[in-house]
């Protein structure tokens, strides 16, 4: 098995982002992740019951972008309720959530 496919090594990467329960906000979060992180490859891994959204190093989700994507007012606490897990560190404010690493591999 090559090192690229070794699951024992899978945690050794710089990917960050939310893991969400499948819900009414999931597609809006995916859209916002793509819009709020220009020039980054956003990876979406849909497992039906949950969706992992990640990118390398830093991922930002802005409330205003989520509101545009969902077509309604949005409180960041709604994201927290649907957040089953995340990769990286997390910084939350009323206007954005930031997933990041301070040090990279």
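In our numbering, the protein residues as written are 102 to 206.
Just so it is clear, CB atoms sit at the ideal spot from N, CA and C, and this is done for glycine as well.
Since the model is a prediction, treat every value here as computed from it, not as a measurement.
DSSP three-state label for residue i, please.
i, result
"residue 173", "coil"
"residue 158", "coil"
"residue 191", "strand"
"residue 184", "strand"
"residue 140", "coil"
"residue 130", "helix"
"residue 116", "strand"
"residue 168", "helix"
"residue 178", "helix"
When you compare the CB positions of residue i and residue j, do they come within less than 9 Å of one another, or not?
i, j, result
"residue 187", "residue 119", "yes"
"residue 117", "residue 162", "no"
"residue 175", "residue 126", "yes"
"residue 133", "residue 167", "yes"
"residue 159", "residue 202", "yes"
"residue 128", "residue 170", "yes"
"residue 146", "residue 114", "no"
"residue 152", "residue 121", "yes"
According to DSSP, residue i sits in a beta bridge with which residue or residues?
i, result
"residue 147", "152"
"residue 121", "152 and 184"
"residue 163", "197"
Just confirm the distance between the C-beta atoms of residue i and residue j, as a whole number of angstroms; I'd bet it's less than 8 Å.
i, j, result
"residue 177", "residue 164", "6 Å"
"residue 154", "residue 130", "6 Å"
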